[in-house]
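K.L.:
Structure provided below as structure tokens; questions to follow.
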Amino acid sequence: MYYQQQQSHPFLKIVVALPTMVAGCRGILEKGIQIDGLGMKNFLTYESNVLFALRFMIDCNVVGGNWIEVPAGKYRKTSKSLSNCQLEFDCLYSELISHAAEGEFSKMAPFRILSFDIECAGRKGHFPEPTHDPVIQVANLVTLQGEDQPFVRNIMTLNSCSPIVGVDVMSFETEREVLIAWKEFIREVDPDIIIGYNICKFDLPYLIERAATLGIAEFPVLGRIRNSRVRIKDATFSSRQYGTRESKEVTVEGRVQFDLLQVMQRDYKLSSYSLNSVSAHFLSEQKEDVHHSIISDLQNGNAETRRRLAVYCLKDAYLPQRLLDKLMLIYNYVEMARVTGVPLSFLLSRGQSIKVLSQLLRKAKEKNLVIPNVKRAGSEEKYEGATVLEPKAGFYENPIATLDFASLYPSIMMAYNLCYCTLVTPEDVRKLNLPPECVNKTPSGETFVKSNLQKGILPEILEELLTARKRAKADLKKAKDPFEKAVLDGRQLALKISANSVYGFTGATVAQLPCLEISSSVTSYGRQMIEHTKKLVEDKFTMLGGYEHNAEVIYGDTDSVMVQFGVSTVEAAMKLGREAAEYISGTFIKPINLEFEKVYYPYLLISKKRYAGLLWTNPDRFDKMDTKGIETVRRDNCLLVKNLVTECLHKILIDRDVPSAIQFVKNTISDLLMNRMDLSLLVITKGLTKTGDDYEVKAAHVTLAERMRKRDAATAPNVGDRVPYVIVKGAKGAKAFEKSEDPIYVLENNIPIDPQYYLENQISKPLLRIFEPILKNASKELLQGSHTRSISISTPSTGGIMKFAKKQLTCIGCKTLLSNSDQTLCSNCKGREAELYCKSVSQVSELEQIFGRLWTQCQECQGSLHQDVLCTSRDCPIFYRRKKAQKDMAEAKRQLDRWSF
DNA sequence: CACGATACCTAA
DNA sequence: TTAGTTAGGTATCGTG
380 MYYQQQQSHP FLKIVVALPT MVAGCRGILE KGIQIDGLGM KNFLTYESNV LFALRFMIDC
440 NVVGGNWIEV PAGKYRKTSK SLSNCQLEFD CLYSELISHA AEGEFSKMAP FRILSFDIEC
500 AGRKGHFPEP THDPVIQVAN LVTLQGEDQP FVRNIMTLNS CSPIVGVDVM SFETEREVLI
560 AWKEFIREVD PDIIIGYNIC KFDLPYLIER AATLGIAEFP VLGRIRNSRV RIKDATFSSR
620 QYGTRESKEV TVEGRVQFDL LQVMQRDYKL SSYSLNSVSA HFLSEQKEDV HHSIISDLQN
680 GNAETRRRLA VYCLKDAYLP QRLLDKLMLI YNYVEMARVT GVPLSFLLSR GQSIKVLSQL
740 LRKAKEKNLV IPNVKRAGSE EKYEGATVLE PKAGFYENPI ATLDFASLYP SIMMAYNLCY
800 CTLVTPEDVR KLNLPPECVN KTPSGETFVK SNLQKGILPE ILEELLTARK RAKADLKKAK
860 DPFEKAVLDG RQLALKISAN SVYGFTGATV AQLPCLEISS SVTSYGRQMI EHTKKLVEDK
920 FTMLGGYEHN AEVIYGDTDS VMVQFGVSTV EAAMKLGREA AEYISGTFIK PINLEFEKVY
980 YPYLLISKKR YAGLLWTNPD RFDKMDTKGI ETVRRDNCLL VKNLVTECLH KILIDRDVPS
1040 AIQFVKNTIS DLLMNRMDLS LLVITKGLTK TGDDYEVKAA HVTLAERMRK RDAATAPNVG
1100 DRVPYVIVKG AKGAKAFEKS EDPIYVLENN IPIDPQYYLE NQISKPLLRI FEPILKNASK
1160 ELLQGSHTRS ISISTPSTGG IMKFAKKQLT CIGCKTLLSN SDQTLCSNCK GREAELYCKS
1220 VSQVSELEQI FGRLWTQCQE CQGSLHQDVL CTSRDCPIFY RRKKAQKDMA EAKRQLDRWS
1280 F
């Protein structure tokens, strides 16, 4: 920490017998000890907060996912076996040879991967609890990493189960036998990695707690250490990036738990993280979603119904494996472990900073430096971030060129040698009197020495990461073998992410080694650079300077500027863009580089961080429609808004057909108000970011989560979950949080939704923001007119006061109220019986057909055309349509029944 | 009804 | 032995 003129200092290295003693030792030294002749003295400690496993790996030069050689003759068989491993021997740790992940050693190990899923029989209306409810099935798939089919597929069932092709069905008479069989299976298969969906929070703890309830003492020995019991601990993880999440920490020695739910939540921003929704998203494969209350019925049926359950259970074990393969997670995660040096398990259980710290510790060791364990200072400190240039909002119908700094923050840190060990304290600035040519004074006022005096560790780490990335990308181009390609692609991704998170690490005031002098210097250089770029572009590309038009920077954020060169073709904009990038890059120190990347044409700039446009990287045709920040890319909008905005942008930007966009809006509004909208389009989801009491204001999704907790605590959303809801009709002037409701509940109880809310609070503003730059009187054009007057005939409410209201019949022909409930038609419509009867009949048959089609579709999804559909998936549009069709059909049949002759 | 505070999510 | 950063838009709630 800080630039040290003196090349080396004496340090005292303290070695203790057990890892746990490090903390105690550190405490004593920090608090201070009495030394004869010196009095009370306290000490700054160094590297006293490094996790033991990481310490060991760093000292032995071992990284996560790394190959280790135990040289012949350097080990001997253990005298007494302590493990369940296939090979067991003793070896001195210093004899291990750690191989860098290159050549032969970059290959992935043939990990044995177990994917499993359990089913439990909850009591009616309750979510299963391990203290009451039995485990009735466990499905297992075992796959060798790199192979595309599992080599073991089995299901352990309580009670009989009809055979399933290609699956080893193992039936048992008692639950105890099921659990013991699974435990034995684990020992026999000896998996390296255990995967599944939500296994860390549900399946694993459930099995263990259930075994404890049943008193199966031998069950919780699932790891590789003989006689070591699995331990469970409640854990919460909380960070700005990943949010707060409660989970369970299950210790299974020697096997990595790789919960696909955690992977999804960390790596992808989705509106729903149910296995069903995720599978649909990544695998285009739906899965039936059987409500937990039905599972008991299937279990209590016969061998056939249990077989049905088994098929379902197997699919839940199969999908995580498919996701693992499809997203190449093993490659990406192992490469991340190799690049950053942390064990694989840290990547899912810990945050970003441990990865940077691991690299820092390794590099420091190499340089013979030690890292101080600085006190956690006040975390309130803030520093200024990046500049966002004031946007000149509007619809641009000429090409806009985009200039970007490549890896801006890493290159600033490299260019100006910003590091812990190059920072000069204000005191030292005065004392040391360093010559100006040896230091950089940053725009934020800090002083760092240049690399001739001391090369920074951070810049060196960054250089290595970026060079390695370049190499990985080059190798990737040459690679033929798909496995090799996967490894390299995973590696270049890991390298990029790692380089980008170094800056964040220095600014993390609650982390291990904050250094705001570095982070605020980085951003101050960044601010200076974007302003400089804007100025250069506007000064050079002028008519006075011999160009056809005056260039104008219309927007820019952090590391990019959008330039309107005034030219009318994409090609011309690209040419000028390249020229500008090259010219401006020349004015910066290496390795800072401004690149021309792309052209937007046309370009709709709404405000800071919000824009849309067609993106061109070559002049022949556009690559895609690119939207930033607006509703189409946000998860807290209902599909109705997302689809509507996407479709309008498509029509405006691609088709260049504004009238058709307007017509589309009108049709959609009309459909909404006529109650013709699919409920699935109206579902809004928002993340539950804290526990109930911590909220200071009431919000729709929070109050709904509370109400759901009262209905069924076990299935209600938890911290970190996303809560889907719809807004239903309520009292006049009721707040949104009073009108939010669970979509499934709405469907089952036939509660009318509030179309007006969707029109006024969901659709209108986003639309106006898009149309206003394009259309005069946008509000009048879109939101007023006949299409908004078609007031809905809502489905009658069954709850509340409506229970006491008697339903009055209306004329089948014209819907006027009838005084006499025996009547079918009013006096006006008398005489049209034949026509209207035919209409009723055809309505019923039409709806029957629609329903039939949807039903078949669901049957296909569940994989059998001979059985009832049980699926109630909140994430599946077909489910909502099927339910609606069913209701409509029933209503039509009721109408038909009124024609009793 | 205006306005600040809170909450959420995104850009970079 | 818990946590990468700041900037910014928008909706909604609560209060004066």
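Numbering (this note's numbering), first residue to last: 380 to 1280.
We put the CB at the ideal spot given by N, CA and C, even for glycine.
Owing to the predicted nature of the structure, the values given are computational and were not obtained by experimental measurement.
Beta-carbon separation of V767 and G1008 under 9 Å?
P.N.:
In this structure, G1008 does not lie closer than 9 Å to V767 by Cβ.
K.L.:
When you compare the CB positions of I572 and F637, do they come within less than 9 Å of one another, or not?
P.N.:
Yes, these two residues count as a Cβ contact at 9 Å.
K.L.:
Helix, strand or coil for K1272 per DSSP?
P.N.:
K1272 falls in the helix class under three-state DSSP.
K.L.:
From S986, R455 and S786, pick the residue whose C-alpha is nearest to that of K875; which is it?
P.N.:
Selected option, being the one with the closest Cα: S786.
K.L.:
Which residues mark the beginning and the end of the alpha helix (DSSP H) in which G956 is found?
P.N.:
Residues V949 to S964.
K.L.:
Under 7 Å Cβ to Cβ from S964, same chain only, skipping five residues before and after it: list those, please.
P.N.:
Excluding residues within five positions, the ones whose Cβ falls inside 7 Å are N972 and L973.
K.L.:
Go through its chain and collect everything with a Cβ distance to K852's Cβ below 6 Å, but skip five positions before and after it.
P.N.:
These residues qualify, in order along the chain: Q871.
K.L.:
Does the Cβ-Cβ distance between S899 and F827 come in under 9 Å?
P.N.:
Not in contact: S899 and F827 (Cβ atoms no closer than 9 Å).
K.L.:
With distance defined between alpha-carbon atoms, name the residue in K977, P489, E917 and L726 nearest to Y379.
P.N.:
The chain is shown only over 380 to 1280; residue 379 falls outside these bounds and no answer can be derived.
K.L.:
I need the straight-line Cα distance from E1214 to L1028, nearest angstrom please.
P.N.:
Whole-angstrom Cα-Cα distance: 44 Å.
K.L.:
Please work out which residues of its chain come closer than 7 Å, Cβ to Cβ, to S1176, disregarding the five sequence neighbours upstream and downstream, and give them in chain order.
P.N.:
Bear in mind that the predicted position of S1176 carries a pLDDT of just 40, short of 50, making it too unreliable to give a figure here.
K.L.:
Could you check what DSSP says for T912 in three-state terms: helix, strand or coil?
P.N.:
In this structure, T912 counts as helix in the three-state DSSP scheme.
K.L.:
Does the distance from the CB of C579 to the CB of L520 come in under 9 Å?
P.N.:
Not closer than 9 Å, so no.
K.L.:
Sorted by chain position, which residues of the same chain lie with C-beta nearer than 6 Å to E628's C-beta, five sequence neighbours on each side aside?
P.N.:
Only K612 and A614 meet the Cβ criterion.
K.L.:
Give the range of the beta strand (DSSP E) segment to which G575 is assigned.
P.N.:
Note, G575: beta strand (DSSP E), I572 to G575.
K.L.:
Spatial neighbours of Y904 within its chain, please: C-beta separation below 7 Å, excluding the five flanking residues on both sides.
P.N.:
The answer, listed in chain order, is I791, Y795, T821 and P822.
K.L.:
With three or more C-beta pairs closer than 8 Å as the rule, is the segment 1150 to 1169 touching the segment 1082 to 1098?
P.N.:
No: the two stretches stay apart, fewer than three of their Cβ pairs being nearer than 8 Å.
K.L.:
Suppose you measure from the CA of A374 to the CA of K392; what does that come to, to the nearest Å?
P.N.:
The structure shown does not extend to residue 374, since the chain is modelled only from 380 to 1280, so the question has no answer here.
K.L.:
Taking contact to mean at least 3 C-beta pairs separated by less than 8 Å, is the segment 502 to 518 in contact with the segment 470 to 477?
P.N.:
No, because fewer than three Cβ pairs between the segment 502 to 518 and the segment 470 to 477 fall closer than 8 Å, the two stretches do not touch.
K.L.:
By Cβ distance below 7 Å, which residues in the same chain neighbour T1189 in space, the five residues on each side in sequence not counted?
P.N.:
The residues are T1195, L1196 and L1197.
K.L.:
Tell me, to the nearest whole angstrom, how far the beta carbon of Y382 is from that of Q833; I am working on the premise that it is less than 8 Å.
P.N.:
Y382 to Q833, Cβ: 6 Å. Contact.
K.L.:
Could you tell me which of V1105, E1239, R686 and Y762 sits nearest to V546, measuring between CA atoms?
P.N.:
Per the Cα distances, R686.
K.L.:
Applying the 10 Å Cβ sphere with the 16-neighbour rule, what's the burial state of A1110?
P.N.:
Exposed, by the Cβ-count rule.
K.L.:
Taking 9 Å as the cut-off, decide whether the C-beta atoms of A780 and K977 are in contact.
P.N.:
For A780 and K977, yes; Cβs fall inside 9 Å.
K.L.:
Give the range of the alpha helix (DSSP H) segment to which G1360 is assigned.
P.N.:
Only positions 380 to 1280 of the chain appear in this structure, which leaves residue 1360 out of reach.
K.L.:
Consult DSSP for W335 and reduce its assignment to one of helix, strand or coil.
P.N.:
Nothing in the structure corresponds to residue 335, since the chain is present only between 380 and 1280.
K.L.:
Let me know the secondary structure DSSP gives D704 once reduced to three states.
P.N.:
D704: helix per DSSP, three-state reduction.
K.L.:
Please state whether DSSP places C1017 in a helix, a strand or coil.
P.N.:
Reduced to three states, the DSSP call for C1017 is coil.
K.L.:
In whole angstroms, what separates the C-alpha of T630 from that of E448?
P.N.:
The straight-line gap from Cα to Cα measures roughly 26 Å.
K.L.:
Would you tell me roughly how many angstroms separate the C-alpha atoms of R608 and N577, rounded to the nearest one?
P.N.:
Approximately 21 Å, taken between the alpha carbons.
K.L.:
Compare the Cα-Cα distances from N679 to each of S539, N1054, V557 and V600 and report the closest residue.
P.N.:
It is S539.
K.L.:
Excluding five sequence neighbours on each side, which residues of the same chain lie with their C-beta closer than 7 Å to the C-beta of K1185?
P.N.:
At K1185, the pLDDT of 45 sits below 50, so the modelled position is not reliable; the number obtained from the coordinates is stated separately. Same-chain partners within the cutoff: there are none.
K.L.:
Quick check: the Cα distance between Q386 and R619, rounded to an integer number of angstroms?
P.N.:
Using only the alpha carbons, I get a separation of about 39 Å.
K.L.:
How would you label E1010, buried or exposed, when you count the other beta carbons within 10 angstroms and need 16 or more for buried?
P.N.:
With 16 or more other Cβ atoms within 10 Å, it is buried.
K.L.:
Just how far apart, CA to CA, sit R634 and S728?
P.N.:
The straight-line gap from Cα to Cα measures roughly 14 Å.
K.L.:
Per DSSP, V635 forms a beta bridge with which residues?
P.N.:
According to DSSP, V635 bridges with I572.
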